[in-house]
Every structure is written in C-alpha cells, then in structure tokens.
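Everything below concerns the one structure shown next.
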Amino acid sequence: MTPAFLNNQYGLLADWRVYLEKRLGRRVAFVERDRYRATMDLLRLGKLDFAWVCDYPYVYLRKRNQARLLAVPYSKGRSGYRAYLIVPARDTHTRSLLQLKNKVFAYADPYSNSGYLVPRYQLHEIGDNPGTFFKRTFFTYSHRNAIEAVAAGVAQGASVDSFVWDSLAKIQPQITARTRIVSRSPEYGFPPFVASRAASDRDFAAMRKVLLGMNHDARGIALLRRLNLDGFKIGDPATYGAVADMMNAMGGR
Amino acid sequence: MSTFFNLSFRFKIPLWGSALILVTAGSVGLALTFRAYHDLHQDLLISADSLGRTLSKTLFPVMLHDNVWRAYEIINASSYNATPTSPVQASALVLLDRQGRVYVSTRPYGYPMLANLRQLGPGYGGLAEKLPRIGAGATRSFDLEKSNQIVVAAPVGEGPKRLGTLLIFYSKTVFVPRFRAIVTRAGGITLLILAILLPINWYWGRRMALPLMQLSSRMGEIGTRIPDPLDPAIYPYRDELGELFTAFGEMVMALREGERLKDDMVQSQRLAAVGRLAAGIAHEINNPLAGMLTAVDTLKQRPGVDPRVMKTIGLLERGLMQIRDTVQALLVDARAMDRLLAPSDIEDMRMLLQPQLSKKGLSLKCYSDLKGEIALPATYVRQIVINLLLNAAQAAREGGQIACAIAPATGWLCISVANTGAPLTERQMARLFEPFATTKETGHGLGLWVTYQIVQQLGGNITAENRSDTVRFVVQLPLGHPS
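Heads up: the sequence lines are chains A and B, in that order.
Quick note: the first sequence uses numbering that gives the first Met the number 0, first residue 0, plus one each step.
Quick note: the second sequence uses numbering that gives the first Met the number 0, first residue 0, plus one each step.
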C-alpha cells in the first residue's frame, strides 16, 4: 500500500484484509510504505505480489518490465483522476501556478504523478525551470500531508491527487476547507493495482477476480464505499500514456 | 495630615487598626501572588527546558536529512501536548536553520519559512545575537524585548555539528487565566479575613476609645466644677486604662472631700464670727438696755405722771423689751446647768406645736426611743426640737407631713426632723444657720441660728439635706456634756 489513497485508515485496511483473505482463501498481509520508492524497490525485488501505486511508479516499473497492470479502480463511473493545484484558503488571489513563483511549494513524493510530475511538467512546458521556480520545496511523502501542509500554511501551494482530496473532503472536511483548489489538471489514469513478477499467474488471476467482483457483494460494496470507490475494472495500459509522455519530457528516469 | 492625628480615638483606633489589617492582608496577598507568579514562571521554564532538550535531539536527524515536513510534524505535535488551561502551552515553536532563517514553524503566517529571524520584529535582532552563544545540549530563556513573550532556545546539534536552533515561544498572557484564578482565590481569602477582622477591630477600637473619651470629657470639667465619678462598668479591667479609671475615681473623691471640708470650714468660721459679733453687740447693748429698762420702770412707779407721758413710757418700755428679747435670742448661752432630758419632754412637744400644725393641716409623726433620763440639758434639747419642728411646720406645704425621730445611741443622741416640701436651694443651704437669714415672710430668722448655737455649745453637729421630696435636719449631740 502506498499513499496513492488515504492510506492512514488503518481500520479500513484491517477490514479489507479480512475480506481478501476470505475471498482468496489464503493469508494476506498488507505492507505499507510511505515513500513510493520503497514500495517500488520491494516490487522490483519480488518482495511483494501486488501493490496499489501511483501512475508514475507504474509507468516507471512497466518501462523496466518490472510490473504489470492488475486492475484499475473507478469512481463515479470514471477511471481517471486529476492533479489539484491547491493553496491555503486565506490566499484568495492566486489563480494559476505561475503566481506561486518564489513561494514555498509542497511536493507529495518524487515518484508521484499528480504530486510532483504534473506541476513540474507544467512549469517545464511554459519554459520555466522547476528547480528554481519556487523559493523552497519539500516532500511530505503523501498527498494527505501535502493537503495538511497547505491547510496549515507551511506550504503556500501543493499539487495533490484529486481522489485523495475528494476522499479527505468526505472524512475530514475541516482540513480541506482550509485549502482552495486553484486549478485542475487534465484527467490521468487512476492510480492502478499492479502485480510484480513474483506473483504467479494463478495468484494474478485470483486477485484480479476478487477485486473485480468486490462490487457484487454487500461487504465488498461497503468497503468500496469507505474507499470512496465504485469498483475495479481491467485497465488498459494505454490510459497511462500521458504520464509516460510527461516522464519522458522531464528526463525519462 | 494633622487633621487625622487630631481625630478622636473613637475613629482613630478603628481606622489605624483597619489600615494595619488592610496593609497586612494586602502585603500577604501580594507576597503570595508574587510567589505564585514566580512559581508559574519557573514551571514554564522547567517544562520548556525539558521540551527543548527532547525536541532538539529528535529534530537533529530530521534536519540532517532536510525533512521539513517531518520537522513540522514533530514541533506541531509538541505544541498541542499541553492542555489549553496549562500555563505551559507554547504559543509557537520555531525551528531556525544554521543561517538564522526560519526552517519551519508551527505558525507559518507569523514565522514564514526562510524568513530571517532579525526581520521578524523589533525584539528579534537582540535575540538573534544571543543564540550562537548557547552551548550544545543546553537551553536558555530570554524575555523577548518589546513584546510580552518568553523565548526558550535549544540548539539542534550533536557535538560540534550544529544544524540550527529550536525556539519555543510562550506568551506571558498564558499565565493570565491561572494567575487570575490564584489572585481571585487569594482575594477571596483576604476578604474573608477582613470580614472577620474588621468588625472585631471596630468593636475593640470602640471598647478602647469609649472609656478614654469619657475620661477625657470628665477631665475637661475639672477647673469649672468637680466632675461626676465614672461608671466603673464601662471598663472593669485591671490594665493601665483600668488603673487610670481607678486613679480618676480616687481623684474625684479627694476633690469632693476637699471641697466639702473647705465649705464646712468656711461656714463654721463665718458662723463663729457672726456668733462672736452678735454676742459682743448683745453684751454692749445689754448693759445700757438694763439701765434704760430700770429707768423706765422707775418712771412708771412715780405717781402723778401725765397719762400721755405714761403712754409714751409704755411705748418705750415695749420697744426696749423687744430689743431685749431680740438680744436675748442672739445671746445663746447653754452653759447653765439644767435638769436632765426625760421622755416626758418629748411628749410635751406635740401639745406645744398643736396650734401651728392644725393651722396648716399638717400631720406629725413622732418616734422616740427614749426610755429614761439621758445626760443632756432638757431645756436646750427641747428648744432644739421645738425650733426644728417649727421650722419644719413653716416649710411644709399645706396638708404635708412632718416626721420626728429621737434615737439615743452609745454616747450620742440623734434627733432627726423631716418635712415634705420644696428642697433647699444651694444658696439657702449655704446661709441656713446664719441669723436673719429667713426666706419666709413670717419669723425673724433666728430659729435655726439659735438651734445651731445651742448644738455648737453642746458639742454636737447639725446638718440639713434634701431627700427625694423631703427636707431633713439631723442633730447629733454627745451625751454627758460637761455643761
């Protein structure tokens, strides 16, 4: 599990694990890491079978043939999400990223799409140097923390996952209320569930079946509602083309 | 100011007492309040020192890895660990980097990231000067100049490697609610003590002042008159004030006794002088008077006197007789031996006085304890009693009462005569026993004079006194007078 969703809902994760164990008929363990890089390393080393990661780690790993697409969540019928550019609510004049020049900006994670790649790519597109555009940047290692950093005023701006912001707005609206969405990016493929090379085809199929079937039983539906999701579907790797393009434009890695 | 010192003790003692109580209560209250403030301040410094040491250790690796968000989470969590009512709630935690710029703070709007500490406000320049001098592993507290904040600074570093400084800001106003609670409690206790002590003080002050005031007012009367004695119930204690009371009482008694002796002396001297004068004049008159009476008598015996001359002779004789009677009355002489006084002498009185009594409808009650003869000259004692009874009958109101008591005691005979009627005035009392001192239209005013002279010559004394509605004369005569 990565901070691609509101990963500090530990009760929800415990319930989900019980659900998965029952459906898969085997033991399931969630391994949680804050930094995408840590999860990516575990996937690469075959220490994990499946992971819920951001677009950027998926594209990065797929490029190196270290992960394949397992399933893609969808919400409100759409399997896409955006990057929200947010500022503190008391900042009422900022209308675009450009007005945040020489401000303090919070990134979510160096391997985050919406929380790192998107704003940097936008700056790159207009010919600015993302390395010197802001006065100070720091990583919060989760979208939720980035939202809190902006809400508290520690950062004067951040780019966050719309799915996380919307989910947080449902659970803790007092935090999101202290932020203001300045702009919304184009839609990208939803942070996907991926399988490492360590996962056998049988496990891959069983896991995909369970995830896709979650919206067919009551417990699964209840869990999905708590996750702020409608269900899972078999994704199309092509959906993540835009992220791959941005990655290439920014230097590839 | 002197107006205050001139105030009566009645006000001055309670006021002084109240002032002392107020000053004492106020000082104790202030001392406790100051102590409480000091304790609060000390609590804060101890708590801040411990917080600063702990956080600086935790923050060192975080700053080393330049993890701004983690640093924020650490200091932000610490700023919430105190309860709102606790006086050690920090108002802000600010982490500075090596250049003295804000690395991160719990109040990003007041202490924005990368802001230079010196530019944050007027007092911060001085603070920035002092920070580098704090040794590793120590904390220091400062009063931030030109603000009501206390700052506790803890360097973040290990050994010689210094990454920055943690500043913990406390507003002095965090004391206010708890300080106010302490002051309120102390004030309440003070008021309670005052509520108990002030009335006691007021009562005590009055208790002290009232006797003093009375003493002072009585002392003021000395010089114009002899003051009345003080009521001993006002201050029945044996302290200095009580002794003053006793001394004053003794002084008043002594003054009265002296006054009385002086009056008695003056009166008896005057009466003695008048007596000598009267006796002298009487003797001088008596000799020619006797000659004149003899001559008139001889003239009357002569035959063939013209009846008109005889009428004149009669006129002369009656005039001379009146002079003789008067002189005789003035010239009291009780030295001649007489028969002894017997109970029958007393019984005669009523009969002798009956005409006078019935004229005014007076009632006479006579008590006599006389059982037999007593060693006093009967004629003079009778004269004394008759004179006193006549005097009483004249002084009594119509239908009034007269009481007479004759009581022999060891070595003494006591005669007392009382009548209902107007009391004697001071003036009457002073001249009572002088000749011709009558206030009445009838009588020549010699009755009491004669009585006084007889009593004097018998070696006794006579006094007059006003009772509630009676006037009483008391005569005491020593028995067996060598007359």
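Think of the CB as a built atom: it goes at the ideal place given N, C-alpha and C, for glycine as much as any other residue.
Residue-level contact to chain A via CB, residue i, 9 Å cutoff
i      : result
B/P107 : yes
B/P60  : no
B/P111 : yes
B/N66  : yes
B/N115 : no
B/V103 : yes
B/Y36  : no
B/N147 : no
B/Y71  : yes
B/N499 : In the structure displayed, chain B extends from 0 to 482; residue 499 of chain B sits before or after that span and is not available.
9 Å Cβ cutoff, residue i in contact with chain B
i      : result
A/R135 : yes
A/V103 : yes
A/T139 : yes
A/N144 : yes
A/G156 : no
A/V153 : yes
A/A148 : yes
Reduced DSSP secondary structure (H/G/I, E/B, other) of residue i
i      : result
A/V86  : strand
A/V27  : coil
B/G479 : coil
B/F435 : coil
B/S140 : strand
B/I401 : strand
B/T419 : strand
A/S111 : coil
B/L369 : coil
A/Y140 : coil
B/Y102 : strand
B/G156 : strand
B/T245 : helix
B/T462 : strand
B/V93  : strand
B/S55  : helix
B/P407 : strand
B/R317 : helix
B/L165 : strand
B/T469 : strand
B/Q148 : strand
A/F133 : coil
Buried versus exposed call for residue i [16 or more other C-beta atoms within 10 Å across all chains shown]
i      : result
B/S7   : exposed
A/Y83  : buried
B/I195 : exposed
A/A66  : buried
A/Y9   : exposed
B/F4   : exposed
B/Y236 : exposed
A/K102 : buried
A/N247 : exposed
A/G188 : buried
B/F10  : exposed
B/Q321 : exposed
B/Q327 : exposed
B/V308 : exposed
A/L228 : buried
B/L191 : exposed
B/P481 : Because the pLDDT of B/P481 is 49, which lies under 50, any placement of that residue in the model is unreliable, and the number read from its coordinates should be weighed accordingly. B/P481 comes out exposed.
A/Y106 : buried
A/H215 : exposed
B/H419 : Just to set this straight, residue 419 of chain B is Thr in the shown sequence, not His. It counts as buried.
A/T93  : buried
Any chain E beta carbon closer than 9 Å to residue i
i     : result
B/L92 : The chain labelled as chain E is not found among the protein chains of the depicted structure, namely A and B.
Whole-Å CB distance - residue i paired with residue j, under 8 Å assumed
i      : j      : result
B/I167 : B/L50  : 6 Å
B/N147 : B/K129 : No, B/N147 and B/K129 are not in contact; Cβ-Cβ is about 19 Å, not under 8 Å.
A/I180 : A/L167 : Not a contact, Cβ separation roughly 12 Å.
B/P379 : B/I461 : Note on residue identity: the sequence assigns Tyr, not Pro, to residue 379 of chain B. Not really, about 13 Å apart at Cβ, beyond 8 Å.
Residue i CB to nearest heavy atom of the ligand MG below 8 Å
i      : result
B/R205 : Ligands in the displayed structure: none, and consequently the ligand MG is not present.
Which runs of the alpha helix (DSSP H) fall wholly inside the segment 372-399 of chain B and span at least 4 residues, in chain order? 377-394
Ranges of the alpha helix (DSSP H) found wholly within the segment 4-87 of chain A, counting only runs of at least 4: 9-23, 35-43 and 54-62
Every unbroken alpha helix (DSSP H) within the segment 150-229 of chain A, with a cutoff of 4 residues, ordered by chain: 161-170, 172-175, 200-211 and 217-225
For a minimum of 3 consecutive residues, which ranges assigned as the beta strand (DSSP E) are wholly contained in the segment 179-267 of chain B? none
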